[in-house]
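To start, the structure under review is shown below, and the notes come after it.
Residue numbers (our numbering): 8 to 622.
Given below as structure tokens:
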């Protein structure tokens with residue numbers, strides 16, 4: 008596009024004057040990147056209709072208005088890495104394979120101040136490296152960038168990679184950051200990072216001495232550290248001392264930091280996963296007699312990789328039989344926590360753990376899973392995901408595996424537990440019940456029975472509906488959580504077979520969950536009415552009825568209201584009672600045989616009026 012063409016565009020659109028240099032750069036043979044169509048090459052400019060002709064990948068000969076391209080397309084300089092991929096393909100391919108850091112540096116030089124965020128680099132590099140291998144290539148390259156003295160790597164994703172004016176080694180950068188920070192936590196992390204960077208190199212030992220002294224002071228004196236951070240710091244301190252060939256003891260020793268067993272769950276859960284094995288070894292050294300019991304306690308409350316590490320540690324130390332017995336006992340006592348149950352079901356087909364887990368895979372384990380999911384749902388506010396519930400839903404073989412040895416009655420009981428469980432949405436329950444029905448068709452009657460219950464509508468007053476809702480909310484927010492805490496507290500007292508407090512709490516739980524399920528069904532059936540639809544022509548819900556009792560020789564007045572409005576002392580009856588149901592649809596003059604108390608009486612409908620008219 009020549010100067011005359013540029014001037015013509017600016018004449019038509021004066022607002023593009025600021026983009027004149029970009030328009031002038033749109034020359035035939037120039038490479039470009041469009042926001043929608045990606046990488047392309049400008050082929051020519053058509054003076055007749057004022058359009059650029061651009062070849063995009065898969066869209067050759069595309070015609071575009073230069074004025075439109077100003078905001079949607081970047082023109083690449085000849086030295087840009089994408090342009091060079093076309094003009095110097097062999098050079099760029101060699102850099103991709105053998106000099107990935109040099110490739111990134113070349114790209115950074117195209118940005119202002121030779122700096123760009125990871126997101127900006129990731130928007131260009133896939134086109135250079137290739138989508139198929141980019142992810143693996145970029146993961147490896149980022150590690151090289153972090154170590155290269157020519158590159159300042161970001162501490163956060165939002166910060167930039169930049170080319171340094173003077174190369175700085177990773178060790179020097181860490182030492183500089185260490186000196187600049189007063190944070191005890193950051194000093195420990197930087198010292199650990201320095202150990203990795205040195206990788207056993209003793210050439211800079213003199214520079215490490217003040218680092219060791221600083222970390223030792225932090226571990227011994229800082230009040231900024233949690234118990235897990237202090238232990239982590241002590242390990243970093245000891246590793247520094249080993250690198251410096253110091254064999255004199257430094258206080259506090261790591262063994263003293265794990266003496267308080269009440270803190271171990273907190274310590275273990277907060278430590279980096281790479282340190283779990285080291286923690287378990289220290290526990291064995293610090294507690295030579297009780298280490299197995301302590302490790303089992305850590306396992307009991309563990310989750311994720313810590314669970315695997317505890318299991319492997321016990322197996323490696325000839326404790327397979329004790330581990331098997333303990334897991335079976337926890338299952339019997341309903342002491343298997345959700346994360347450990349998740350580990351069990353995920354590893355049930357593993358050869359390594361088959362001898363350990365085979366006896367656990369049973370209907371009883373499914374009951375423990377339902378209990379754990381329900382308990383977690385009660386403890387969890389909002390809609391936070393329950394991993395064990397998701398695993399039960401996602402693993403289509405899990406329920407069939409657990410029901411393999413079940414009888415029909417057990418399967419029915421478990422299906423009923425599922426229907427009452429608060430940890431699943433209704434659609435998920437139906438999906439899981441389908442797996443029950445596939446193995447035990449008789450379970451279908453449970454689902455059919457529930458459907459029939461829900462299909463019937465209940466007419467209720469606003470006051471009675473609000474009262475039921477209030478009762479339900481009190482159950483869900485207070486009584487059931489309180490009961491769950493009581494169960495958890497009772498469980499800590501030991502053997503559940505002789506634990507009266509636990510049994511009472513479990514009985515209360517059955518009653519509470521049953522009432523909750525009943526309220527859910529009733530509220531789902533409920534249809535609130537204000538009784539304004541009642542008629543004075545025939546008896547219906549919302550009518551006041553005057554009856555002449557021929558048997559007793561007296562006149563009786565009843566008010567027939569909603570399903571939950573019964574108040575016999577004030578002659579208010581629910582339309583769902585036998586008396587109320589027998590009067591429905593009757594008119595003045597009709598004779599009806601009704602059950603009043605223990606007697607059958609014959610009554611005649613004398614008058615019908617509307618309840619709302621008498622308020």
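The C-beta atom is built at its ideal place from N, Cα and C for all residues, glycine as well. This structure is a prediction, so every number in the text was calculated from the model and none was measured.
Nonlocal neighbours in the same chain, by C-beta distance under 7 Å from residue i, ignoring five residues either side
| i | result |
| --- | --- |
| residue 553 | 562, 564, 613, 614 |
| residue 51 | 35, 60 |
| residue 374 | 421, 424 |
| residue 364 | 351, 354, 355 |
| residue 475 | 526, 529, 530, 571 |
| residue 460 | Caution is warranted here: a pLDDT of 48 is assigned to residue 460, below 50, making its placement in the model unreliable, and the coordinate value is therefore given only provisionally. The answer, listed in chain order, is 528. |
Range of the contiguous beta strand (DSSP E) that encloses residue i
| i | result |
| --- | --- |
| residue 465 | 465–468 |
| residue 41 | 38–41 |
| residue 600 | 598–603 |
| residue 400 | That residue, residue 400, is in no beta strand (DSSP E); its alpha helix (DSSP H) goes 394–401. |
Cβ neighbour criterion (16 or more within 10 Å) applied to residue i
| i | result |
| --- | --- |
| residue 75 | exposed |
| residue 230 | exposed |
| residue 362 | exposed |
| residue 525 | exposed |
| residue 434 | exposed |
| residue 203 | exposed |
| residue 495 | exposed |
| residue 426 | buried |
| residue 472 | buried |
| residue 359 | exposed |
| residue 33 | buried |
| residue 442 | buried |
| residue 610 | buried |
| residue 511 | exposed |
| residue 357 | exposed |
| residue 458 | Note that residue 458 has pLDDT 46, beneath the 50 cutoff, so the model's placement of it is unreliable and the number below is only indicative. Residue 458 should be labelled exposed. |
| residue 587 | buried |
| residue 593 | buried |
| residue 484 | exposed |
| residue 430 | buried |
| residue 591 | exposed |
| residue 25 | exposed |
| residue 126 | exposed |
Beta-carbon gap between residue i and residue j smaller than 8 Å
| i | j | result |
| --- | --- | --- |
| residue 225 | residue 195 | yes |
| residue 321 | residue 398 | no |
| residue 156 | residue 176 | yes |
| residue 332 | residue 317 | no |
| residue 238 | residue 197 | no |
| residue 618 | residue 531 | no |
| residue 412 | residue 370 | yes |
| residue 234 | residue 296 | no |
| residue 439 | residue 400 | yes |
| residue 251 | residue 219 | yes |
| residue 241 | residue 217 | no |
| residue 312 | residue 280 | yes |
Cut-off 6 Å between Cβ atoms - residues of its own chain near residue i, not counting five sequence neighbours on either side
| i | result |
| --- | --- |
| residue 13 | 30, 31 |
| residue 520 | 427 |
| residue 117 | 87 |
| residue 69 | 61, 63 |
DSSP beta-bridge partners of residue i
| i | result |
| --- | --- |
| residue 63 | 47, 66 |
| residue 535 | 467 |
| residue 565 | 552 |
| residue 167 | 124 |
| residue 617 | 550 |
| residue 362 | DSSP output for residue 362 lists no bridge partner at all. |
| residue 611 | 555, 598 |
| residue 109 | DSSP, once it has assigned bridges, lists no residue as partnering residue 109. |
| residue 353 | Per DSSP, none; premise fails for residue 353. |
| residue 80 | 41 |
| residue 545 | 594 |
| residue 159 | 169 |
| residue 58 | 53 |
| residue 606 | 603 |
| residue 71 | 59 |
Residues near residue i in its chain [Cβ-Cβ closer than 8 Å; skip 5 each side]
| i | result |
| --- | --- |
| residue 107 | 144, 147, 148, 151 |
| residue 379 | 343, 344, 345, 348, 395 |
| residue 190 | 231 |
| residue 247 | 198, 202, 215, 218, 219, 222 |
| residue 479 | 523, 526, 527, 530 |
Extent of the continuous alpha helix (DSSP H) run through residue i
| i | result |
| --- | --- |
| residue 243 | 234–250 |
| residue 102 | 96–105 |
| residue 581 | Where residue 581 is concerned, there is no enclosing alpha helix (DSSP H), although the beta strand (DSSP E) it sits in stretches over 579–581. |
| residue 231 | Careful: residue 231 lies outside any alpha helix (DSSP H) and carries neither H nor E. |
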